[in-house]
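Q: Got a structure for you, written out below as structure tokens; questions coming shortly.
Residue numbers (my numbering): 25 to 151.
In structure tokens, the structure reads:
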């Protein structure tokens with residue numbers, strides 16, 4: 025059930041509207057809580073996080089985005105009315121930003137350190 029939610033990006037309402045008698049909002053939340061508790065053993069920081077069933081949609085979107093799927097396709101996949109909702113995922117993913125940065129031309133200037141004037145250093149020493 026959780027794999028279905030993560031891999032398809034189903035909303036809880038879509039997941040619970042399936043023709044399965046044992047799938048309810050409470051059942052989804054309960055199964056998620058069990059897995060969050062197990063994951064928290066390896067990553068205690070999860071205990072401080074509010075992990076709810078909608079997080080599975082975010083996980084689906086991020087997985088698709090990191091796999092290189094275009095945001096317009098992700099918006100269609102998740103049933104978003106427009107791509108603006110989906111763009112938030114691109115802003116949240118640092119690896120996408122790093123990849124974009126790596127595609128830019130390298131800076132040719134030699135990195136250096138700004139050396140303040142002697143008067144400034146003397147002033148700071150007197151503080």
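Beta carbons are placed, not taken as given, at the ideal position from N, Cα and C, and that holds for glycine.
If you check the beta carbons only, do residue 78 and residue 36 fall under 8 Å apart?
A: Result yes, Cβ atoms of residue 78 and residue 36 sit closer than 8 Å.
Q: DSSP state of residue 82, grouped into three classes?
A: helix
Q: Given 8 Å as the limit, is there contact between the stretch 85-102 and the stretch 61-74, that is, 3 or more CB pairs closer than that?
A: no
Q: Kindly list the residues whose CB is nearer than 6 Å to the CB of residue 118, restricted to its own chain and excluding five residues on each side of it in sequence; keep chain order.
A: none
Q: Compute the beta-carbon to beta-carbon distance between residue 40 and residue 48, rounded to the nearest angstrom, for a pair I have assumed lies under 8 Å.
A: 6 Å
Q: Let me know if residue 80 comes out buried or exposed under the rule of 16 or more other beta-carbons within 10 Å of its beta-carbon.
A: buried
Q: Taking DSSP as the reference, what is the three-state secondary structure of residue 151?
A: Taken through DSSP and simplified to helix, strand or coil, residue 151 comes out as coil.
Q: Run through DSSP, which three-state label would residue 68 get?
A: helix
Q: Just tell me which of 110, 64, 62 and 58 has its CA closest to the CA of residue 83.
A: 110
Q: For residue 53 and residue 29, what's the separation of their Cα atoms in angstroms?
A: 12 Å
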